[in-house]
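What follows is a single structure, written as structure tokens, with notes after it.
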Amino acid sequence: LRRALEAGWIAGAVLDVFNEEPLPPDSPLYTTPNLIITPHTSWSSDRVVDRSIDLFVENLRRFASGEELDNVVDLEAGY
Numbered sequence: 001l002r003r004a005l006e007a008g009w010i011a012g013a014v015l016d017v018f019n020e021e022p023l024p025p026d027s028p029l030y031t032t033p034n035l036i037i038t039p040h041t042s043w044s045s046d047r048v049v050d051r052s053i054d055l056f057v058e059n060l061r062r063f064a065s066g067e068e069l070d071n072v073v074d075l076e077a078g079y
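Residue 1 is where the sequence shown starts when you use this note's numbering, and the numbers rise one by one after that.
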């Protein structure tokens, strides 16, 4: 994909998920022309606000009940 973008064989690409995450800081993908890298946001849809509110409300309930929260960021993993 990178070679195809650099050679102009394809006009552009968007990548959202990788085999190794997070990408290493020195990954050549960061400087590949016409490549957009998104932080797992390709799932975005018309329902994203409703789903985000539902997640917040559920996590608020879990927090108040002393339960483990959903979708917690793992700082050691980098995301």
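Cβ atoms here follow ideal geometry from the backbone N, Cα and C, with glycine treated the same way.
query	result
Segment contact, 8 angstroms Cβ cut-off, at least three pairs: the stretch 7–22 with the stretch 30–38	yes
Contact set for residue 63: own chain, Cβ-Cβ below 8 angstroms, skip 5 residues either direction	69
Where residue 23 falls: helix, strand or coil (DSSP)	coil
Straight-line Cα distance separating residue 78 from residue 26	15 angstroms
Member of 28, 45, 17, 49 whose CA lies at the smallest distance from the CA of residue 39	17
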